[in-house]
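Have a look at the structure below before the remarks.
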Amino acid sequence: MADDLIAVKTEIAAKAHVNTDRHRAMTEAAAKDPEGFWREQSGRVAWMKAPTKIKSVDFTGDVSIRWYEDGVLNASVSCLDRHLDTRGDQVAIIWEGDDPNSDVKVTYRDLHARVCRLANGLRELGVKKGDRVCIYLPMIVEAAVAMLACARVGAIHSIVFGGFSADSLASRIQDSECSVLITADEGRRGGRKVPLKTNADDALATCPSIRHVIVAKNTGGSVPMQAGRDVMWDDLCAKQPATCEPEPMGAEDPLFILYTSGSTGKPKGVLHTTGGYMVWASYTHELVFDYRPGEIYWCTADVGWVTGHTYIVYGPLANGATTLMFEGVPNYPSVSRFWEVVDKHQVNIFYTAPTAIRSLMRDGEAPVKKTSRASLRILGSVGEPINPEAWLWYYRVVGDERCPIVDTWWQTETGGILISPLPGAVAQKPGSATLPLPGVFPALVDGEGKVLDGATEGNLVLLDSWPGQMRTIYGDHARFGQTYFSTFKGMYFTGDGARRDKDGYYWITGRVDDVINVSGHRMGTAEIESALVAHPKVAEAAVVGMPHDLKGQGIYCYVTLKSGEEPTDALRKELVAWVRKEIGPIASPDAIQWAPGLPKTRSGKIMRRILRKIAANETDGLGDTSTLADPGVVQELIENRVR
Ligand code: PRX
Numbered sequence: 001m002a003d004d005l006i007a008v009k010t011e012i013a014a015k016a017h018v019n020t021d022r023h024r025a026m027t028e029a030a031a032k033d034p035e036g037f038w039r040e041q042s043g044r045v046a047w048m049k050a051p052t053k054i055k056s057v058d059f060t061g062d063v064s065i066r067w068y069e070d071g072v073l074n075a076s077v078s079c080l081d082r083h084l085d086t087r088g089d090q091v092a093i094i095w096e097g098d099d100p101n102s103d104v105k106v107t108y109r110d111l112h113a114r115v116c117r118l119a120n121g122l123r124e125l126g127v128k129k130g131d132r133v134c135i136y137l138p139m140i141v142e143a144a145v146a147m148l149a150c151a152r153v154g155a156i157h158s159i160v161f162g163g164f165s166a167d168s169l170a171s172r173i174q175d176s177e178c179s180v181l182i183t184a185d186e187g188r189r190g191g192r193k194v195p196l197k198t199n200a201d202d203a204l205a206t207c208p209s210i211r212h213v214i215v216a217k218n219t220g221g222s223v224p225m226q227a228g229r230d231v232m233w234d235d236l237c238a239k240q241p242a243t244c245e246p247e248p249m250g251a252e253d254p255l256f257i258l259y260t261s262g263s264t265g266k267p268k269g270v271l272h273t274t275g276g277y278m279v280w281a282s283y284t285h286e287l288v289f290d291y292r293p294g295e296i297y298w299c300t301a302d303v304g305w306v307t308g309h310t311y312i313v314y315g316p317l318a319n320g321a322t323t324l325m326f327e328g329v330p331n332y333p334s335v336s337r338f339w340e341v342v343d344k345h346q347v348n349i350f351y352t353a354p355t356a357i358r359s360l361m362r363d364g365e366a367p368v369k370k371t372s373r374a375s376l377r378i379l380g381s382v383g384e385p386i387n388p389e390a391w392l393w394y395y396r397v398v399g400d401e402r403c404p405i406v407d408t409w410w411q412t413e414t415g416g417i418l419i420s421p422l423p424g425a426v427a428q429k430p431g432s433a434t435l436p437l438p439g440v441f442p443a444l445v446d447g448e449g450k451v452l453d454g455a456t457e458g459n460l461v462l463l464d465s466w467p468g469q470m471r472t473i474y475g476d477h478a479r480f481g482q483t484y485f486s487t488f489k490g491m492y493f494t495g496d497g498a499r500r501d502k503d504g505y506y507w508i509t510g511r512v513d514d515v516i517n518v519s520g521h522r523m524g525t526a527e528i529e530s531a532l533v534a535h536p537k538v539a540e541a542a543v544v545g546m547p548h549d550l551k552g553q554g555i556y557c558y559v560t561l562k563s564g565e566e567p568t569d570a571l572r573k574e575l576v577a578w579v580r581k582e583i584g585p586i587a588s589p590d591a592i593q594w595a596p597g598l599p600k601t602r603s604g605k606i607m608r609r610i611l612r613k614i615a616a617n618e619t620d621g622l623g624d625t626s627t628l629a630d631p632g633v634v635q636e637l638i639e640n641r642v643r
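Following UniProt numbering, the numbering of the sequence shown begins with 1 at its first residue and continues without gaps.
Written as structure tokens, this is what we have:
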């Protein structure tokens, strides 16, 4: 791997919030006096009552994580009200539609009014502090309005990505017993329509907790409305006042739930609370992107993922930024779209995923080079490891070797970025997320949890808490402890493996558990397996990740059919369509191999290590297969591997 250092640019360092000296000083201060450091950083948000207690954390026993616990605030006030005097007429959100001819600019004052109207509407529908509200919306301004309106009335939002199926939506609504669903008639992506309200209606057939559905008009497509349950957003909001008293929230009151996949079982509801999360969102957005007032900032994620929560909505708005929300995709109407949008809106900071970079690389430099991109100052990457080749293309072709790249490592669970270069302070190496942020204490441990020193490789853990850390799994605190704190006692286990080089730089190598990362979308192999075995012709299934040039990882499925069922191409297609319907189009299998048998130990446990190797075509080093009940199945699988 490329180990060459790309030095900090003097012109960036000269004006940066954090230069190398300040980075060192902050890192030392956060280690020496965490209370003092995080007390100072708490000033980033608008408190109704400032906290006096800063940190109370125990990673052992029942696991308890509290930050700023006696503080009182409301996240929407930090994002909106406190900016009204200073930047009420500044654009808060630039919305760029799927159609390149449609865009909208919303000022902080407008956004405040829209949030207040919907918040009043939610109260009229009976929503109170602590109630759960599900949001199933496309990338339209209403998505940000809905999040902030929930925050305003103290409701806990749970956003479900618009690419998830009706079944996935239903199980998430059921798990957190949401009382209201906010959706839209249809979404739009790459010139196609997404039938959100129809999906929602299907889902709601099994969701008795939902009392009301608020439907935003987006495409104007006609959708059925159920009398007494469904209300159009505009009808609900038209009659509401444009101000709304914010609910006072304890710092540890929940702000949102976001479902994410783990190595076992159903997706879990990651719960984030208000005070620490907001401090973390503001701290990391300002430092990592070196955000300066007046700059245009664009994160291409969807609000259905944590990146959209923290780096499209809460972080940028807390910092008074202008944040761009993009409804479309990188290759519609052409593969120059990203760069055309950069020029159109004079974007200064651009944050995207390696999978997008890799797919655009295929089309060469011309679609990039025909645009100016002169406004760009900082580039970011998130969601999966970025291979050095893609990093260098991003750096040279997109950024003209002028813009530092911040490769940001973090997770839904961490609330915000933990490991990343700061552009004015940390020299970069293509493919490395570099160093922890000040106040973050990663370590690499061996299989027994022994902390490893120096240049080494191991399991990535965090030794201490940071304010943006998740607090629990909604409704299942025991699973929280079990999932994250039981593998290595007293440490938060990330599920990732990493290497650390002689300069202390971290290189994330990917998941070491049964989670796969497809185009930056996180999926549990267990979820895909249970979707497959729900098909009437399938007896058994095992799913693993396989290396994929564009997606990072692809989905490789081994399927054993029930006796008497024929393995045909038609059935293969049917199974792909089945999984897409059960989970959503993002979980589309890339390969299905018919497996008359699966490699199992004598106790019946599937040996996934072997299946991963076969899928990756690394069949030379299969390791010890002597514990298998029937070693013969391995040869059969190797011979019939899907290419
Ligand atoms: O494996 C890591 C990978 O994405 C996982 C977290 O996925 P999710 O919770 O969906 O959050 C994605 C957005 C933060 C991690 O466990 N990952 C994320 N960022 C990087 C990464 N792997 C390598 N480098 C990154 N910069």
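Quick reminder that beta carbons are idealized off the backbone N, C-alpha and C, glycines included.
Measure the CB-CB distance between residue i and residue j and report whether it falls below 7 Å.
i    : j    : result
F488 : V445 : yes
A119 : C299 : no
G468 : G383 : no
R292 : V342 : no
V512 : G497 : yes
I94  : L324 : yes
D453 : A433 : no
A149 : L122 : yes
P547 : A616 : yes
E589 : I555 : The identity of residue 589 in the sequence shown is Pro, whereas the question assumes Glu. Contact: yes.
T273 : R471 : yes
P559 : V576 : One point to set straight first is that residue 559 is Val, not Pro, in the sequence displayed. Against a cut-off of 7 Å, the Cβ pair of V576 and V559 comes out as no contact.
Assign residue i to buried or exposed, taking buried as 16 or more other Cβ atoms, counted over all protein chains shown, within 10 Å of its Cβ.
i           : result
M1          : Reliability fails at M1, whose pLDDT of 46 lies under 50, so the model's placement of it is uncertain and no value is given.
M147        : buried
R609        : exposed
Q226        : exposed
N19         : buried
residue 644 : Since the first residue shown for the chain is 1 and the last is 643, residue 644 is missing from the structure and cannot be characterised.
D290        : buried
Q41         : buried
N517        : buried
D131        : buried
A587        : buried
T284        : buried
T206        : exposed
G431        : buried
residue 644 : Nothing can be reported for residue 644: it is not among the residues displayed for the chain, which extend from 1 to 643.
A390        : buried
Can you tell which of the options has the C-alpha that lies nearest to the C-alpha of residue i?
i           : options                : result
K55         : Q41, G61, A151, P34    : P34
residue 644 : G262, V279, L236, K266 : The requested residue 644 does not occur in the structure, where the chain is confined to residues 1 to 643.
V329        : A301, K344, K551       : A301
K613        : G447, M48, S603, V543  : V543
L258        : S486, G250, R522       : R522
N199        : S171, G191, M361       : S171
S222        : E247, H17, L196        : L196
I378        : Y395, I386, R362       : Y395
I508        : S486, K537, T456, G524 : T456
E529        : G504, K551, C557, K105 : C557
V461        : V133, D70, G490, P100  : G490
T412        : D21, G447, T260        : T260
E327        : Q428, K193, V91        : K193
R337        : Y297, G276, Y474, G190 : G190
P367        : K53, G276, W410, N331  : N331
Between residue i and chain C, is any beta-carbon pair separated by less than 7 Å?
i    : result
T408 : Annotation note: the requested chain C is absent from the structure, which comprises a single protein chain.
Less than 6 Å separating the Cβ of residue i from some heavy atom of the ligand SAH?
i    : result
W393 : Questions concerning the ligand SAH fall outside what the structure shown contains, since the ligands it does hold are the ligand PRX.
Stretch pair the stretch 107 to 117 + the stretch 349 to 363: three plus CB contacts closer than 8 Å = no
If you pair each beta-carbon of the stretch 593 to 603 with each one of the stretch 621 to 631, do three or more pairs fall below 8 Å?
-> yes
Contact between the stretch 156 to 166 and the stretch 571 to 588 (3+ Cβ pairs under 8 Å) = yes
Should the stretch 5 to 19 be called in touch with the stretch 418 to 429, which here means at least 3 C-beta pairs below 8 Å?
-> yes
Report yes or no: do the stretch 56 to 69 and the stretch 19 to 31 share at least 3 C-beta pairs separated by less than 8 Å?
-> Cβ pair count under 8 Å is below three, so no.
Is the stretch 563 to 571 in contact with the stretch 395 to 409, if contact means three or more CB pairs nearer than 8 Å?
-> no
Tell me, please, whether the stretch 208 to 220 touches the stretch 170 to 188 by the rule of three or more beta-carbon pairs shorter than 8 Å.
-> yes
Do the stretch 350 to 365 and the stretch 123 to 135 make contact, defined as three or more Cβ pairs closer than 8 Å?
-> no
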